[in-house]
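Before any comments, here is the structure.
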Amino acid sequence: MVDDSPVVLDGQSLGADDVVRVARYHAPVALHDDGLARLDASWHASQRLVVRRQVYGRTTGVGANRDQIVSTAGWAEHGLRLLRSHAGGLGGMLPEEQVRAMMVVRLNQLLAGGAGVRRAVADALLAALNSSCYPGVHEYGAIGTGDLTALAETGLTLLGERYWLGSTQTPDPIELDSGDALALISSNALTIGMAGLAWQDAHQLLKATHVIAALSFLAVDGAVEAYDERVHLGRPHPGQVAVAAEMRRLLGAPSRPPARIQDPFGYRCFPQIHGPAVDAATDLGRVLDVEFNAAAENPLIVADHFGPEDDAAYHHGAFHSAYLGQALDRLRLSMLHTGHLSTARLATLVEPNFTGLRPFLAEGVPGSSGVMILEYSANSALAEVRTLAEPASIGNAVVSRGQEENSSFAFQSASQALRSLGAFRLVLACEVVAAVRALRLRGITPDTPALRAAFEAAESKLNPDMSDRQLSPDVEVASSLLDDFASY
Numbered sequence: 002m003v004d005d006s007p008v009v010l011d012g013q014s015l016g017a018d019d020v021v022r023v024a025r026y027h028a029p030v031a032l033h034d035d036g037l038a039r040l041d042a043s044w045h046a047s048q049r050l051v052v053r054r055q056v057y058g059r060t061t062g063v064g065a066n067r068d069q070i071v072s073t074a075g076w077a078e079h080g081l082r083l084l085r086s087h088a089g090g091l092g093g094m095l096p097e098e099q100v101r102a103m104m105v106v107r108l109n110q111l112l113a114g115g116a117g118v119r120r121a122v123a124d125a126l127l128a129a130l131n132s133s134c135y136p137g138v139h140e141y142g143a144i145g146t147g148d149l150t151a152l153a154e155t156g157l158t159l160l161g162e163r164y165w166l167g168s169t170q171t172p173d174p175i176e177l178d179s180g181d182a183l184a185l186i187s188s189n190a191l192t193i194g195m196a197g198l199a200w201q202d203a204h205q206l207l208k209a210t211h212v213i214a215a216l217s218f219l220a221v222d223g224a225v226e227a228y229d230e231r232v233h234l235g236r237p238h239p240g241q242v243a244v245a246a247e248m249r250r251l252l253g254a255p256s257r258p259p260a261r262i263q264d265p266f267g268y269r270c271f272p273q274i275h276g277p278a279v280d281a282a283t284d285l286g287r288v289l290d291v292e293f294n295a296a297a298e299n300p301l302i303v304a305d306h307f308g309p310e311d312d313a314a315y316h317h318g319a320f321h322s323a324y325l326g327q328a329l330d331r332l333r334l335s336m337l338h339t340g341h342l343s344t345a346r347l348a349t350l351v352e353p354n355f356t357g358l359r360p361f362l363a364e365g366v367p368g369s370s371g372v373m374i375l376e377y378s379a380n381s382a383l384a385e386v387r388t389l390a391e392p393a394s395i396g397n398a399v400v401s402r403g404q405e406e407n408s409s410f411a412f413q414s415a416s417q418a419l420r421s422l423g424a425f426r427l428v429l430a431c432e433v434v435a436a437v438r439a440l441r442l443r444g445i446t447p448d449t450p451a452l453r454a455a456f457e458a459a460e461s462k463l464n465p466d467m468s469d470r471q472l473s474p475d476v477e478v479a480s481s482l483l484d485d486f487a488s489y
């Protein structure tokens, strides 16, 4: 059951689970008074600063136009021109959940108190989230130094110049203040929101992988000594130790003796190969905890508590997303290797020397193909995971007349992660279908309560017909079971 309690934003404590609840399940959103106080203080500080000094993007142009001074009389029009000129997104429109993730992240960041925007901007974003409408945002435009096109399109939608999607109950258009434009778009909120969705998916699938590997392990009478605590304390990488412990929990002391003195790598080296993916997901979670609650706008507007004369505007590069992009790259690469193990285990499940069953777990007349095609389908999906594992961060772009000469391409990394995880899910689903079929044919039921519950859930939903037939529906059913597997 999805938690329908409000997600309270304060600019300091937003987590990935909160982002997912708002983005995917439309949980209501509320604003904490402390965050609103920081937002208001930053706004008032920005108004005091622009009459005392030049502030990038408010009294000047942006990018290579940073030395171009905007006259006081033209400030409001400057902000509007900035949004219109930067709303240059290309390609198709992003899915609703990704745009909602962007909106909740950006709203929370505003409450961290560094943007210098008016309360009206936050109120409009809040109203949109709670009425389930969202701006149309194009997929191409970001290179990891700010999601400028997506947030400019959002800003124009808040002004009433662009259309809302979803609900017909849309926020009233807001008026633009001179400083709101750059303050709104100076963020990687879209990339961060998408990365939060990817982290949630990866976290669930990595946990489900333990269950799937354990089911296959039982189907081939694996040797549990490979997971013994003493083995892993001898080389205690955190993820490896955690994976081995989880396998011991799921398998217990198997009632059947091992069939071999040692197993192939898909079983024997599972903690050592899956462990890095677990560590990568943990590290990505740490990066996201910072990014969700970051005051990283350029310039950063700081209201000094000792007096208005000490207000400050810091021009900086904290918007650069190197940490996030490289964390996402590492996750995709490490999950590819976990996927390699899944197809390796699938190869053992169709091999009589490992199961004692007919080739390809076939039943019926001689020459039946059984689950033969699952190896092809799983490796096809894995090829997509492999293609998407190439690090986006190896790219670079020099833009704005050479003033911005490094790009993280974190947006591309987040987009690749979401696509890769969809394919990775299908790889695992193919293994589930074969493992459950092998256990059925061998008459084996898991010994531990957790693994038995997972097996019985799969057995109750997967078609028991062993004759040659189309297996695509079975894989779809198995795919839908994986999130439940993560809870066992």
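Per our numbering, the very first residue in the sequence shown carries number 2; after that it's consecutive.
All C-beta atoms in this analysis are idealised placements derived from N, C-alpha and C, irrespective of residue type, glycine included.
Nearest to residue i (by Cα), restricted to the options the options
{"i": "P353", "options": "D222, L251 and Q241", "result": "D222"}
{"i": "R22", "options": "V386, A281, H33 and V8", "result": "V8"}
{"i": "A224", "options": "A243, A254 and E247", "result": "A254"}
{"i": "D4", "options": "L383, D11, W44 and V20", "result": "V20"}
{"i": "A184", "options": "Q263, L108 and V212", "result": "L108"}
{"i": "E247", "options": "L482, V212, W44 and N294", "result": "V212"}
{"i": "G156", "options": "V351, V366 and R85", "result": "R85"}
{"i": "C431", "options": "S401, Q471, R119 and R453", "result": "Q471"}
{"i": "E98", "options": "Y141, T171 and T192", "result": "T192"}
{"i": "D173", "options": "V63, R163, Q327 and L159", "result": "L159"}
{"i": "Y141", "options": "L427, A459 and S414", "result": "S414"}
{"i": "F218", "options": "A379, L252 and S481", "result": "L252"}
{"i": "L91", "options": "P239, V291 and L149", "result": "L149"}
{"i": "W165", "options": "V100, A459 and V105", "result": "V100"}
{"i": "A245", "options": "P277, A153 and A260", "result": "P277"}
{"i": "D284", "options": "S256, L325 and G318", "result": "L325"}
{"i": "I186", "options": "L83, H238 and H33", "result": "L83"}
{"i": "P367", "options": "A314, S468 and E376", "result": "S468"}
{"i": "H321", "options": "Q327, S409, E460 and V138", "result": "S409"}
{"i": "R1", "options": "P136, V372, E376 and A203", "result": "Nothing about residue 1 can be read from this structure; the chain reaches only from 2 to 489."}
Expected contact under 8 Å - CB spacing of residue i and residue j to nearest Å
{"i": "S188", "j": "G147", "result": "7 Å"}
{"i": "A102", "j": "L198", "result": "6 Å"}
{"i": "R39", "j": "G12", "result": "6 Å"}
{"i": "L10", "j": "V30", "result": "6 Å"}
{"i": "A451", "j": "L463", "result": "Incorrect: roughly 19 Å between the Cβ atoms, too far for contact."}
{"i": "L334", "j": "A390", "result": "5 Å"}
{"i": "L383", "j": "V428", "result": "5 Å"}
{"i": "G194", "j": "V122", "result": "Wrong, their Cβ atoms sit about 17 Å apart, outside the cutoff."}
{"i": "L289", "j": "A196", "result": "6 Å"}
Proximal residues to residue i (C-beta, below 6 Å), its chain only, five neighbours per side dropped
{"i": "A487", "result": "Q205, K208 and A209"}
{"i": "V386", "result": "L337, G340, S421, A424 and F425"}
{"i": "F355", "result": "V221 and T349"}
{"i": "L81", "result": "L177"}
{"i": "S132", "result": "S168 and Q170"}
{"i": "V242", "result": "H233"}
Buried or exposed by the 16-neighbour rule on C-beta atoms within 10 Å, applied to residue i
{"i": "Q404", "result": "exposed"}
{"i": "D280", "result": "buried"}
{"i": "I262", "result": "exposed"}
{"i": "Y268", "result": "buried"}
{"i": "E292", "result": "buried"}
{"i": "R59", "result": "buried"}
{"i": "I144", "result": "buried"}
{"i": "L329", "result": "buried"}
{"i": "A398", "result": "exposed"}
{"i": "V264", "result": "A small correction: the amino acid at residue 264 is Asp; Val does not occupy that position in the sequence shown. D264 is buried by the Cβ-count criterion."}
Chain D within 9 Å of residue i, Cβ atoms only
{"i": "P259", "result": "Given the protein chain composition of this structure (a single chain), no chain D is represented."}
Own chain, CB closer than 8 Å to residue i, minus 5 neighbours either side, in chain order
{"i": "F456", "result": "L216, V437, L440, T446 and P447"}
{"i": "G115", "result": "S43, A296, A297, E298, L301, I302 and V303"}
{"i": "A113", "result": "G12, Q13, G36, R39, N294, A295 and A296"}
Same chain, Cβ closer than 7 Å to residue i, neighbours up to 5 away in sequence not counted
{"i": "G117", "result": "S43, W44, A46, S47, G180, A184 and I302"}
{"i": "A190", "result": "M103, V106, R107, Q110, D148 and L152"}
{"i": "A128", "result": "P172"}
Residue(s) in a DSSP beta bridge with residue i
{"i": "W165", "result": "P136"}
{"i": "M94", "result": "H139"}
{"i": "E405", "result": "V400"}
{"i": "A31", "result": "V9"}
{"i": "Y315", "result": "L301"}
{"i": "T60", "result": "Answer is none; T60 lacks a bridge partner."}
{"i": "I70", "result": "T61"}
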